[in-house]
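Sequence order for the protein chains is A and B.
For the first sequence, numbering that gives the first Met the number 0 gives the first residue as 0, with consecutive numbering after it.
For the second sequence, numbering that gives the first Met the number 0 gives the first residue as 0, with consecutive numbering after it.
Ideal Cβ placement from N, Cα and C applies to all residues, glycine included.
Here the structure is a predicted model, which is why all the values come from computation and not from measurement.
What follows is one structure encoded as structure tokens, with my remarks underneath.
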Amino acid sequence: MQTIFGKFSTFSPELETALAEYRHKIFIERLGWPLPVENGMERDQFDHRDTLYVVAREPNGAICGCARLLPTTEPYLLSEVFPHLLAGAPVPNTHEVWELSRFAAATTDPNSSIDAARNTRCLLAAAVKSAAEQGAKRLITVSPLGIERLLYRMGVHAHRAGPPMLADGKPIFACWIEIDEQTMTALGIAAAAMHDQRHSVISPAAKDQLTVPAVRRQPGSHIAGSML
Amino acid sequence: MSPDGYIRLPLGRLSALSFVHLFSESDADFLQELKAQTIPASAAGFSEWKSDNDPAISLGWGWFIHSQSNRMLLAPDGVRGNVMLIDALGYDLGPRKTSSLFGTWLSVFEWQDTVSMALREPIAC
């Protein structure tokens with residue numbers, strides 16, 4: 000599995016299209032989220048030239064995971080759409096807090112041998128590492144409530160920013176993910192891997208620094224993780 | 000509320016707070032996960048509560064119906080929330096111990112009847 004990290008502006012048109020189509024398959028077709036759609040592709044106002052993405056691909060090149068990272072010093076999903084999930088607390092606006100959104104770890108190939116739980120952990124590790132390299136000390140997300148249980152099981156240091164609320168009949172909440180020793184250990188991110196690495200592709204060799212423990216696949220779980 | 004989003008308090012303060020039920024749901028995927036762990040569950044789901052003070056404490060946990068006894072029990076996936084419990088000197092107990100102590104606190108908090116009732120009603124909040 001290869002993990003790609005970079006700004007929208009550095010992606011080829013083919014990769015950008017493939018990412019938008021993958022997001023449509025996952026967030027619209029499978030999860031049924033009411034998101035903006037155009038010609039079978041899912042994009043919104045937060046997908047722009049400076050947006051950072053982490054994309055996981057299978058050996059055959061098919062996308063099997065994605066994540067979006069936005070600095071909280073610019074408009075982001077929580078600040079513009081879901082500030083009420085912070086229960087009255089001020090919306091984060093600092094270089095040390097980045098928003099993680101459009102996180103999904105799922106293959107679209109029913110015959111894929113990718114392990115869903117391992118894929119989720121690898122992708123989250125890559126997103127945390129990438130955010131930390133931008134100076135992030137914490138991540139904030141808007142997520143379905145089930146994500147909280149997933150993060151807890153992984154051992155990630157995560158906690159609520161406020162009570163969950165219903166959106167389109169489904170409970171969602173704002174979740175802090177602390178980029179601290181507990182989270183780094185839980186995700187198998189070696190301290191040596193935390194250098195300033197600004198190239199857009201994490202090679203398979205470098206990826207091996209993300210020592211990911213084998214995790215058994217959850218039965219019936221095709222989308223091991225998803226965040227708005 | 001602390002700048003990191005946690006509400007910090009000692010466990011003993013919880014008894015002075017009132018908690019209101021937000022919503023509870025059954026969750027078929029969660030039930031399958033518990034069964035895969037060989038937990039004898041006939042139903043499972045989660046429950047959400049919050050305190051009636053400001054800022055509100057938010058707590059949520061998983062539950063399951065024990066197949067043999069038909070009792071509603073706390074699921075082994077921790078109690079989640081926006082609280083960091085502190086010790087007598089004001090030091091953080093850490094997220095794991097906080098979750099564990101909330102599990103202990105729940106054992107004397109009457110939540111099962113409310114959840115059972117709520118599961119018979121349409122979800123709304």
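Neighbour flag for residue i against chain B, beta carbons, 8 Å
i	result
Trp97(A)	no
His156(A)	yes
Ala204(A)	Its pLDDT being 36, under 50, Ala204(A) is placed unreliably in this model, and the value from its coordinates should be taken loosely. So no, Ala204(A) is outside the interface.
Leu227(A)	no
Residue-chain proximity (residue i, chain A), Cβ-Cβ < 8 Å
i	result
Ala55(B)	yes
Asp76(B)	yes
Lys49(B)	yes
Gly80(B)	yes
Gly44(B)	no
Arg11(B)	Checking the displayed sequence, the identity of residue 11(B) turns out to be Gly instead of Arg. Output row for Gly11(B): interface = no.
Arg119(B)	no
Cys124(B)	Its pLDDT being 41, under 50, Cys124(B) is placed unreliably by the model, and nothing is read from it.
Neighbour-count burial assignment, residue i, 16 or more Cβ in a 10 Å radius
i	result
Arg215(A)	In this predicted model, Arg215(A) has a pLDDT of only 31, less than 50, meaning its place in the structure is not dependable; the value taken from the coordinates is given anyway. Arg215(A) should be labelled exposed.
Thr50(A)	buried
Met116(B)	exposed
Asp76(B)	buried
Thr37(B)	exposed
Arg137(A)	buried
Tyr5(B)	buried
Pro12(A)	exposed
Tyr90(B)	exposed
Thr97(B)	buried
Ser68(B)	exposed
Glu98(A)	buried
Val96(A)	buried
Thr103(B)	exposed
Arg48(A)	exposed
Arg95(B)	exposed
Within chain B, the residues that residue i reaches when beta carbons sit closer than 8 Å
i	result
Ala88(A)	Met0, Gly4, Pro54
Residues that residue i contacts on chain A, provided the C-beta gap is smaller than 8 Å
i	result
Phe22(B)	Leu165, Pro170
| query | Are three or more beta carbon pairs between the region 128-135 of chain A and the region 78-88 of chain A nearer than 8 Å? | reply | Touching, no, given that fewer than three Cβ pairs across the two stretches are closer than 8 Å.
| request: Could you please tell me which residues of the region 127-154 of chain A, in chain order, have their CB closer than 8 Å to any CB of chain B? | output: Going along the region 127-154 of chain A in chain order, one finds Arg137, Leu144, Gly145, Glu147, Arg148, Tyr151, Arg152 with a Cβ nearer than 8 Å to chain B.
| query | Residues in the region 158-183 of chain A with C-beta within 9 Å of chain B's C-beta atoms, listed in sequence order? | reply | Result list: His158, Arg159, Ala160, Gly161, Pro162, Pro163, Met164, Leu165, Gly168, Pro170, Phe172, Ala173, Trp175, Glu177, Gln181.
| task | Using a Cβ-Cβ cut-off of less than 8 Å, list which residues of the region 40-58 of chain A approach chain B; keep chain order. | result | From the region 40-58 of chain A, no residue has a Cβ closer than 8 Å to chain B.
| query | If you measure beta-carbon to beta-carbon, which residues of the region 84-108 of chain B are closer than 7 Å to chain A? | reply | Listed by position along the chain: Pro94.
| message | If contact is defined by three or more beta carbon pairs under 8 Å, each pair taking one atom from either stretch, is the region 103-120 of chain A in contact with the region 70-77 of chain A? | response | A contact between stretches requires three or more CB pairs, one per stretch, nearer than 8 Å, and the region 70-77 of chain A fails this requirement with the region 103-120 of chain A.
| message | Can you confirm whether the region 143-163 of chain A touches the region 79-90 of chain B when touching is taken to mean that 3 or more C-beta pairs between the two stretches lie within less than 8 Å? | response | Cβ pair count under 8 Å is three or more, so yes.
| field | Stretch pair the region 9-23 of chain A + the region 34-46 of chain A: three plus CB contacts closer than 8 Å | value | Touching, yes, given that three or more Cβ pairs across the two stretches are closer than 8 Å.
| message | Could you check whether the region 162-175 of chain A touches the region 141-149 of chain A, counting it as contact only if at least three pairs of C-beta atoms, one from each stretch, sit closer than 8 Å? | response | A contact exists between the region 162-175 of chain A and the region 141-149 of chain A.
| said: Using a Cβ distance threshold of 8 Å, determine whether the region 4-16 of chain A contacts the region 29-38 of chain A, with at least three qualifying pairs required. | reply: Touching, no, given that fewer than three Cβ pairs across the two stretches are closer than 8 Å.
| field | Sufficient close CB pairs (3 or more, under 8 Å) joining the region 100-119 of chain B to the region 44-52 of chain B | value | By the Cβ test, the region 100-119 of chain B is in contact with the region 44-52 of chain B, since at least three Cβ pairs between them sit closer than 8 Å.
| request: Evaluate contact between the region 98-109 of chain A and the region 53-67 of chain A, counting only Cβ atoms and requiring at least three cross-stretch pairs below 8 Å. | output: In this structure the region 98-109 of chain A lies against the region 53-67 of chain A, because at least three pairs of beta carbons, one per stretch, are closer than 8 Å.
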